[in-house]
Each structure stands twice: as structure tokens, then as C-alpha cells.
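Quick notes on the structure that follows.
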Amino acid sequence: MPTTTTRSVERALKLLTVVCDHPGINLTKASEQAELSPSSALRLLHTLEELEFVRRDRAGKFDVGPQLLRLGFKALGDNTLRNRCRPTMLELAERTGESVYLSIKQHHQVLYLAVVNGTHAIQHRSWEGQTIPLNSTAVGAVLLNQHNDEKYTVVTSGVEADVTAIATPLQVRGKTIAALSMLVPTYRITPEKEAELGQLLHSTVQELSQKFENI
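Numbering (our numbering), first residue to last: 339 to 553.
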């Protein structure tokens with residue numbers, strides 16, 4: 339049977355998750371999302387703020403705090419999948435000039451686990467550590483195995499307008515464990531360029547999958 343301490347921890351973690359998923363959220367909405375009374379939510383948020391897991395701006399809205407960011411980036415840095423994929427991502431970014439993303443499915447969302455920025459002067463902003471919807475996104479279709487055995491999936495203006503996403507699955511022993519993608523300003527994309535990037539992404543990830551198979 340859960341103790342009072344256990345329930346408090348569960349509520350605090352649920353509230354922290356709400357703040358992570360909805361940065362800039364106010365107390366009323368945070369308490370509703372966490373299914374807590376405003377007084378209980380405020381008490382827990384005060385504690386999380388003191389520990390620097392959340393921070394509050396002058397308008398009273400809550401966002402991720404420096405302590406949580408520090409732990410998050412340490413976890414990302416220690417992640418084995420991220421470390422094994424990074425050399426391939428660096429190679430792709432150097433070869434194409436475009437930003438390359440590694441994503442995984444986390445509950446009902448996509449988590450950008452790692453990014454290697456491209457070399458173009460204009461590029462998609464980094465979303466490392468951020469989440470996006472599974473639906474209507476290229477990486478979401480790949481992670482949900484909705485790509486109909488196509489080598490790669492392309493979605494234009496999915497999460498952001500004027501951005502084209504090209505994604506392909508990273509599979510190990512027939513199971514999709516992650517997705518690699520490129521996010522490119524749409525003005526730079528032609529049908530020929532789209533096919534070139536898609537084929538390159540697919541063939542490179544196939545080689546990466548083989549390396550995982552041999553582990």
C-alpha cells in the first residue's frame with residue numbers, strides 16, 4: 339500500500355513531467371494536468387523550485403530548471419544508443435551539410451535523443467531533448483512502423499511550417515529501436531534532392547543496423 343511519502347514522490351514526478359511536456363505552464367493548468375488541487379501543486383512546485391528542478395518566471399509560469407537540465411544532458415551523454423549512433427550522424431551531417439537527428443519513441447511522443455548540426459548558414463534549430471507528436475511526423479511514422487516498408491518517409495510542414503523532415507528506421511533484428519532523420523528548410527529541397535538525401539539516409543542507417551546486429 340502506498341505510503342504518504344510514496345504518494346508525494348509520485349505527485350511530484352507527475353507534476354515535473356507536466357512542466358517538462360508544457361514549458362511555460364501556469365499553476366492552474368499544471369494542477370489540472372497533474373490532477374492535483376492548486377494548493378497541493380503549488381506546494382510541490384515550491385519544493386521542486388528550491389531544488390532547481392523547475393524555475394518560475396516573473397509571470398509565475400513554470401519551466402524546466404537548471405538541475406533537471408544538468409541531469410538530462412548527463413543522461414543523454416551517457417546513453418549507449420546515442421554514443422553508438424553519433425559517428426554515423428557526424429558523417430551524414432558533414433557529407434550533406436544538413437542537421438541529423440536521432441529519435442526514439444517515448445510513451446505517446448517522439449523524443450529527440452541527439453542532434454548533429456549541419457554546416458549550412460541557415461539550418462533547423464536544435465531540438466535535442468525535446469519531444470514532438472508521433473502523429474503527422476516523419477519520425478513518428480517510422481517509429482510506429484507506418485512507413486509501409488518504404489526506405490524513408492518524408493513529411494513537409496509537419497511540426498513546423500517550411501521544414502521538410504526525412505526519416506528512416508534504425509532496426510535491429512527486425513525491430514525498430516530508433517529513427518534517424520534530417521530536418522531541412524523546405525526552400526532548399528527539390529524532388530531530386532529529397533530522393534538523394536532519403537537514399538543516403540537509408541543506406542547509411544542500413545550499415546549502422548548491421549553494426550548493432552554484430553554487438
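Just so it is clear, CB atoms sit at the ideal spot from N, CA and C, and this is done for glycine as well.
Problem set entry | Alpha-carbon spacing of T524 relative to A379, whole angstroms | 42 Å
Problem set entry | Cβ neighbours of A479 in the same chain (closer than 6 Å, five flanking residues each side left out) | H485, T491
For this session: Report the three-state DSSP secondary structure of V543 (helix, strand or coil).
Result: helix
For this session: Take Q468 and list the residues in its own chain whose beta-carbon comes closer than 7 Å to its own, dropping the five residues that flank it on each side.
Result: Y450
Exercise. Is there contact between the segment 490 to 509 and the segment 538 to 552, where contact requires at least three CB pairs shorter than 8 Å?
Worked result: yes
Exercise. Looking at L354 and the ligand PLP, is the gap between the Cβ and the nearest heavy atom below 7 Å?
Worked result: With respect to the ligand PLP, the structure shown offers nothing to examine, as it has no ligands at all.
For this session: Go to P376, then tell me how far its alpha helix (DSSP H) extends in each direction, as first and last residue.
Result: 376 to 388
Exercise. According to DSSP, is K513 helix, strand or coil?
Worked result: strand
Problem set entry | DSSP state of L482 mapped onto helix, strand, coil | coil
Exercise. Rounded to a whole number of angstroms, what is the C-alpha to C-alpha distance between K513 and V402?
Worked result: 33 Å
For this session: With A452 as the anchor, note down where its beta strand (DSSP E) starts and where it stops.
Result: 447 to 454
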